[in-house]
Amino acid sequence: MTAPALLSPTDLRRVFGAFPTGVTAIAAVVDGIPVGLAASSFTSVSLDPPLASVCIARTSTTWPALRRASRLGVSVLAADQERLGRQLSQRGGDRFAGATWRASRDGEILLDGACAWLECSIHEEYAAGDHDIVLLRIHDLDADHSAAPLVFHRSGFNRLRSSEAGTRT
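If you want it as structure tokens, here you go:
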């Protein structure tokens with residue numbers, strides 16, 4: 265039997281990048297300071313109990329601070345929030361510059377203008393290679409279905425093209 269071929273990170277990114285995802289901001293007030301990061305690996309997990317997951321790189325310097333928060337806000341970024349998505353992805357600097365947001369009494373940060381918002385707490389964490397899979401327990405949520413989502417595809421931010429509803433060929 266032959267040994268399996270090694271998969272390069274470049275090839276993995278190229279192929280994983282063919283799968284479009286939404287862009288979320290995971291944020292909370294920690295020690296009186298707004299802390300947040302962008303994540304495109306957010307997905308629903310369970311309806312009962314209400315769970316979602318996000319994958320966080322082990323190299324993240326932001327996650328150690330965020331994981332100390334009792335609650336985390338998850339904001340699904342809207343198409344017009346690309347600049348904010350880039351800011352939340354950068355290392356250093358003021359990631360919330362120019363953003364408007366609100367913090368709940370439990371410290372979750374929810375961004376104004378987002379497509380959807382979820383108030384969560386960490387349910388479980390699992391080591392998975394160079395990332396951690398974080399299961400989030402959802403405590404409250406809402407959505408603005410009139411806002412189009414920001415999409416991450418082929419290593420860049422994109423927008424969905426609108427199509428005529430109900431058109432069939």
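Residue numbers for the sequence shown follow the working numbering, beginning at 265 and rising by one.
No residue lacks a Cβ here, since even glycine has one placed at the ideal position from N, Cα and C.
*Take S324 and list the residues in its own chain whose beta-carbon comes closer than 8 Å to its own, dropping the five residues that flank it on each side.*
Cβ neighbours of S324 beyond the five flanking positions: L301.
*Inspect the beta-carbon positions of A292 and P284 and report whether they are closer than 9 Å.*
A distance of 9 Å or more separates the beta carbons of A292 and P284.
*Measure the alpha-carbon distance for D406 versus R366 and round it to whole angstroms.*
About 14 Å.
*Is the CB-CB distance between H395 and I320 below 9 Å?*
In this structure, I320 lies closer than 9 Å to H395 by Cβ.
*Per DSSP, the bridge partner or partners of H395*: BP columns for H395 point to A321, A392.
*asked:* I need the DSSP call for P436, collapsed to helix, strand or coil.
replied: What the structure shows of the chain is the stretch from 265 to 433, and residue 436 is not part of that stretch, so it cannot be assessed.
*S339, buried or exposed, once every other Cβ within 10 Å from all chains shown has been counted against 16*: Under this definition S339 is a buried residue.
*Would you report the Cα separation of E389 and L352, rounded to the nearest angstrom?*
Linking E389 to L352 through their CA atoms gives a straight-line distance of about 22 Å.
*Unbroken stretches of the alpha helix (DSSP H), 4 residues or longer, contained in the region 318–372*: Correct list: 327–330, 346–353.
*Does the region 330–337 come close enough to the region 368–378 that 3 or more CB-CB pairs lie under 8 Å?*
The region 368–378 is in contact with the region 330–337.
*Hey, L341 and V398 are a contact pair by Cβ (cut 8 Å); roughly how many whole angstroms apart?*
About 18 Å separates the two Cβ atoms, so there is no contact after all.
*Just tell me which of S308, S272, A392, V294 has its CA closest to the CA of L382.*
Among S308, S272, A392, V294, the Cα nearest to that of L382 belongs to S308.
*asked:* Taking the straight line between their C-alpha atoms, what separation do you get for S368 and G296?
replied: Computed Cα separation, rounded: 13 Å.
*Would a C-beta distance cut-off of 9 Å place A391 and D376 closer than the cut-off?*
The beta carbons of A391 and D376 sit no closer together than 9 Å.
_Environment of F280 [buried if 16+ CB atoms lie within 10 Å]_ = Within a 10 Å sphere around the beta-carbon of F280 sit fewer than 16 other beta-carbons, which makes this residue exposed.
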